[in-house]
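See below for the structure under consideration.
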Amino acid sequence: MTQFQALLLRNEPSFSAKVETLPLSNLKNEGDVVVRVSWSGINYKDALAVTNTGKIIRGDFPFVPGIDLAGVVESSESPDFNRGDHVLSTGWGLGENIWGGYSSLQRLKASSLLKIPAGLSARDAMIEQTAKDDILRYGKNKVTYWVEKQAGISGD
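Positions in the sequence shown are counted from 1; adding 1 to them yields this note's numbering.
Pasting the structure below:
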């Protein structure tokens, strides 16, 4: 493994968003764990970042967006994580201050990672985390209503 793919945002000569193949030396984030990313959500902040319509990105360009990720530990120098562990990261400036989840690999600090419990897939962990974030932001009743409406089980 000598390369990885990422959605790279550039701002010179003009703004662009393109999937590029990059050498491993381009894993810019500081950290002791490399994650093979399998899932990253698409949300409002990410939409603003990739369309260059909001001041979401505070890091230097070129930049990889994606404010969350789930995947499998590829390598680790931390005693808390082993190769093969399933992990999740949200927050910590991911996709805003440091390169984010729209990448096939990402280097992160162990302190920004959570182990995904056995029996829960990376996909389901991302769904649950997004739902929890939305509940905190919008309130349980509004999120429950939206989920039920999307599933076709609400009375409306």
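C-beta: ideal position from N, C-alpha, C; glycine also.
- Boundaries for residue 54: no alpha helix (DSSP H) harbours it, and the DSSP string shows neither H nor E there.
- Within the model, the alpha-carbon separation for residue 86 versus residue 12 is close to 35 Å.
- Judged by DSSP in its simplified three-state form, residue 75 adopts strand.
- Around the beta carbon of residue 48, a 10 Å sphere encloses fewer than 16 other beta carbons of the protein chains shown; the residue is thus reported as exposed.
- A straight line joining the alpha-carbon of residue 2 with that of residue 14 spans about 31 Å.
- For residue 17, the three-state secondary structure derived from DSSP is strand.
- Minimum Cα-Cα distance from residue 83 among the listed residues 91, 74, 90 corresponds to 74.
- Spatial neighbours of residue 100 in its own chain (CB-CB distance under 6 Å, excluding positions within 5 residues in sequence) are listed in chain order as 29, 30, 65.
- In the structure shown, residue 117 adopts coil according to DSSP, grouped into three states.
- Secondary structure at residue 128: helix, using DSSP grouped into helix, strand and coil.
- The shortest C-alpha to C-alpha distance from residue 90 to any of 41, 25, 17, 61 is the one to 41.
- At least 9 Å separates the beta-carbon of residue 33 from that of residue 116.
- For residue 5, the enclosing beta strand (DSSP E) stretches over residues 4–11.
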